[in-house]
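Using full-length UniProt numbering, you'd call the opening residue of the sequence shown number 1 and step up by one each time. A short write-up of the structure that comes next.
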Amino acid sequence: MPKVMVIDDEPFILMMIEDKLRRGGLEVVTLRESKGAVEVIRREMPDLIILDWMMPEISGISICKTIKTDPALANIPVFMLTAKGQEDDEKLGIKCGVDRYITKPFSPRILLELVLEQLGNK
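What follows is the structure, encoded as structure tokens:
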């Protein structure tokens, strides 16, 4: 069963995504704090990461940069799920290695479809 890690500081968002992905047949690991996230990623080795950009301690962009520059983690697809919807924000996300940029509000159904599509392409 593919494993997806979701990192977001909003409990409602985490619960909603976790529920949808589990119903879609995926194993889900959730984190509410960005601090220590990279260590958990190394331990869990998820097949895909869904990451919020704006978090209190370490931004999702910083986490993504760390993932994409670590040879052991660089091939893990990263979806950025964020309220930052400006074109320049999306360009920065893509430049940092984000595989898919999704703005909030979002459709959990479409998110599941995108995740399954990405996992099918691995």
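Ideal placement from N, C-alpha and C gives every residue a C-beta, glycine not left out. Remember, predicted model here, so these are calculated numbers, not experimental data.
Exercise. Could you pull out every unbroken beta strand (DSSP E) segment of at least 3 residues lying fully inside the UniProt domain "Response regulatory" (3 to 119), listed in chain order?
Key: Fully enclosed beta strand (DSSP E) runs of 3 or longer: 3 to 7, 27 to 31, 48 to 52, 78 to 82 and 100 to 103.
Self-check item: residue 55, buried or exposed, once every other Cβ within 10 Å from all chains shown has been counted against 16
Solution: Residue 55 should be labelled buried.
Exercise. Go ahead and label residue 79 buried or exposed: buried means 16 or more other beta carbons lie within 10 angstroms of its beta carbon, across all protein chains shown.
Key: Classification of residue 79: buried, given that the 10 Å Cβ count is 16 or more.
Self-check item: Cβ neighbour criterion (16 or more within 10 Å) applied to residue 93
Solution: It counts as buried.
Self-check item: Proximity below 7 Å, CB of residue 65 to CB of residue 74
Solution: For the pair residue 65 and residue 74, the CB atoms are not nearer than the 7 Å cut-off.
Practice problem: Report the option in 45, 57 and 90 whose CA atom is closest to the CA atom of residue 1. | Solution: With distances taken between Cα atoms, residue 1 lies closest to 45.
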